[in-house]
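Residue numbers (our numbering): 577 to 627. Contents: one structure, followed by commentary.
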């Protein structure tokens, strides 16, 4: 796996953990967590689109 792909996966990992905790464990996400997660996902999409 190229380093650029590995960095995208590593960046998305905490966001996915928070999403799974919300879905399966009933955790509550605050607005700032949602905004931050959206920015991380947007950055990952931009990074992967550049490749």
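C-beta: ideal position from N, C-alpha, C; glycine also.
Rounded to the nearest whole angstrom, the CA to CA distance from residue 612 to residue 606 is 10 Å. Contact between residue 620 and residue 587 holds: CB atoms are separated by about 6 Å, below the 8 Å threshold. The criterion of a C-beta distance shorter than 7 Å is satisfied by residue 623 and residue 584.
CA-CA distance, residue 600 to residue 589, rounds to 16 Å.
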